[in-house]
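Worksheet: the structure to be examined is printed underneath.
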Amino acid sequence: MTDAKKIVVETKNLTKIYGDGDGVCALDSVNLTIRAGEFVAVMGPSGSGKSTLLNLLGALDRPTNGVCMVNGQDLAKVKDLDRFRSKAVGFVFQLHNLIPTLTALENVEVPLQEENMSDAARRKRAEELLGLVGLSDRLHFMPAQLSGGQRQRVAIARALANRPAIVLADEPTGNLDSKSTDEIMDLLRDLNHAQTTTFIVVTHNPAVARAADRIVTLRDGRVLRDEKIDNVYLEDLREFKQSALGHAILDGNVPAELSEFGVEQIAAPVREVLRRV
Ligand SMILES: Nc1ncnc2c1ncn2[C@@H]1O[C@H](COP(=O)(O)OP(=O)(O)O)[C@@H](O)[C@H]1O
Ligand SMILES: [Mg+2]
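Going by this note's numbering, the letters in the sequence shown line up with residues 18 to 294, in that order.
Structural data, given as structure tokens:
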């Protein structure tokens, strides 16, 4: 990623306080710059402000303070927010939010309704999109006839329909088993490469975050860490750090029974690495 890439998201001191007076400060002076084509995972414990951030970026909610620029537009100055959302932003939620009475194809056509295109062109585009997510053989299935992973694929096709500048996904694999999770993340990664769409994906799942090339970690509404991932094993290391052996290495008490494996010799450098992640 070169710095010459266009900036698609820029926030300055973005702040959201719910309620008034001593309300909850869900987002506290967040400064973020995201460039076209980036795949950003947003992590952090429950209640750290992840959904609030996504809602502000997608103009689903207004900030209390600060500036939020998306695709060159200051959201505070956008007159027609519905139009902004349908043009610039694709949303994928944890629950797919498909319309249950419409087929997969019809669901993907919904965001294309406002486009000035013929019925045939709309259908063709929706078919292409479902092809892109591997569902060419499920065009006329109803949501209830699809698996969780397939429904989420339809939701992704729908999110991409208007070629948005950014796709915002809030725990898109939160309801899926690990196999479907891997498949959906591979798909998002492929789409990110193929379409150069910018993805901002909220996740709890380190395996999901591994697909990203940058991880922004929130804590209490603030950016705790903002890391480019040139080390794809970062989340593996963090997981290891939380394990019994990780703790033992950090504390400098490698269990005696492991000494025959030479763990002590590598303990010192591993400790240094674990301290940093
Ligand atoms: N509509 C709301 N009204 C009041 N407080 C809210 C509302 N939405 C979220 N919050 C609070 O804001 C904080 C951040 O919430 P959220 O952004 O949903 O966190 P996350 O998605 O990381 O779990 C939490 O303390 C939450 O209780
Ligand atoms: Mg959330």
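Cβ atoms here follow ideal geometry from the backbone N, Cα and C, with glycine treated the same way. This one's a predicted model, so the numbers in the text were calculated from it and none came from an experiment.
Among residues of its own chain, excluding the 5 on either side of residue i, which ones have a beta-carbon nearer than 8 Å to its beta-carbon?
i, result
"Asp78", "Lys33, Thr69 and Asn72"
"Gln130", "Arg139"
"Leu291", "Leu254, Phe257, Lys258, Gly263, Ile266 and Leu267"
"Leu241", "Gly61, Thr234 and Leu235"
"Ile201", "Gly166, Gln169, Arg170, Ile173, Pro189, Thr190 and Leu193"
"Ser164", "Ser197"
"Thr19", "A caution first: Thr19 carries a pLDDT of 48, below 50, which makes its placement in the model unreliable, though a value can still be read off. Contacts found: none."
"Ala273", "none"
"Gly269", "Ala284 and Arg288"
"Val225", "Ala58, Thr190, Thr198, Met202 and Val218"
"Asn179", "Ser103, Lys104, Gly107, Pro128, Leu129 and Glu132"
"Val41", "Ile34 and Tyr35"
"Val294", "Leu251, Leu254, Arg255 and Lys258"
By Cβ distance below 7 Å, which residues in the same chain neighbour residue i in space, the five residues on each side in sequence not counted?
i, result
"Asp194", "none"
"Ala284", "Ile266 and Val271"
"Lys245", "Asp230 and Arg231"
"Lys23", "Arg52 and Ala53"
"Gly36", "none"
"Pro223", "Glu252, Arg255 and Glu256"
"Asn48", "Thr28, Lys29 and Asn30"
"Asp91", "Val84"
"Ser153", "Leu147"
Below 8 Å on the Cβ atoms is my guess for residue i versus residue j; work out the distance and round it to an integer in Å.
i, j, result
"Asp45", "Arg239", "5 Å"
"Thr214", "Leu177", "7 Å"
"Ser197", "Gly166", "3 Å"
"Val95", "Leu74", "Contact doesn't hold; Cβ gap of about 13 Å is too wide."
"Leu205", "Val218", "7 Å"
"Ala228", "Val25", "That pair is no contact at about 19 Å."
"Pro117", "Pro160", "5 Å"
"Leu156", "Glu144", "6 Å"
"Ala43", "Gly66", "5 Å"
Leaving out five residues on either side along the sequence, give the residues of the same chain with a beta carbon under 6 Å from the beta carbon of residue i.
i, result
"Asn209", "Phe56 and Phe216"
"Gly83", "Lys29, Asn30, Leu31 and Thr32"
"Leu27", "It should be noted that the sequence gives Glu, not Leu, for residue 27. If we look at Glu27 and ignore the five residues flanking it on each side, its Cβ neighbours are Thr50 and Met86."
"Phe158", "Ala121"
"His3", "It is not possible to answer for residue 3, since the shown part of the chain is limited to 18 through 294."
"Leu98", "Ala76"
"Val280", "Val271"
Cβ of residue i versus every heavy atom of ligand 3: is any distance shorter than 6 Å?
i, result
"Val25", "As presented, the structure is devoid of ligand 3, carrying ligand 1 and ligand 2 as its sole ligands."
With 7 Å as the threshold, decide whether the Cβ of residue i is near any Cβ in chain E.
i, result
"Ser197", "Among the protein chains of the structure shown there is no chain E, as only one such chain exists."
Mind pulling the beta strand (DSSP E) runs of 3 or more residues that sit fully within the stretch 193–240? 215–219 and 231–236
Unbroken stretches of the alpha helix (DSSP H), 4 residues or longer, contained in the stretch 21–75: 67–74
Near ligand 1, which residues have their beta-carbon less than 5 Å from any of its heavy atoms, given in chain order? Tyr35, Val41, Ala43, Ser63, Gly64, Ser65, Gly66, Lys67, Ser68 and Thr69
Any 3 or more C-beta pairs closer than 8 Å across the stretch 134–150 and the stretch 182–189: no
With three or more C-beta pairs closer than 8 Å as the rule, is the stretch 172–184 touching the stretch 104–114? yes
If contact is defined by three or more beta carbon pairs under 8 Å, each pair taking one atom from either stretch, is the stretch 115–131 in contact with the stretch 50–62? no
Could I get the ranges of all uninterrupted alpha helix (DSSP H) runs contained in the stretch 91–131, with 4 residues as the minimum, in chain order? 98–105 and 121–126
To test your reading of the DSSP string, which unbroken beta strand (DSSP E) runs of 3 or more residues are found completely within the stretch 239–292? Here the runs fully enclosed are 239–245.
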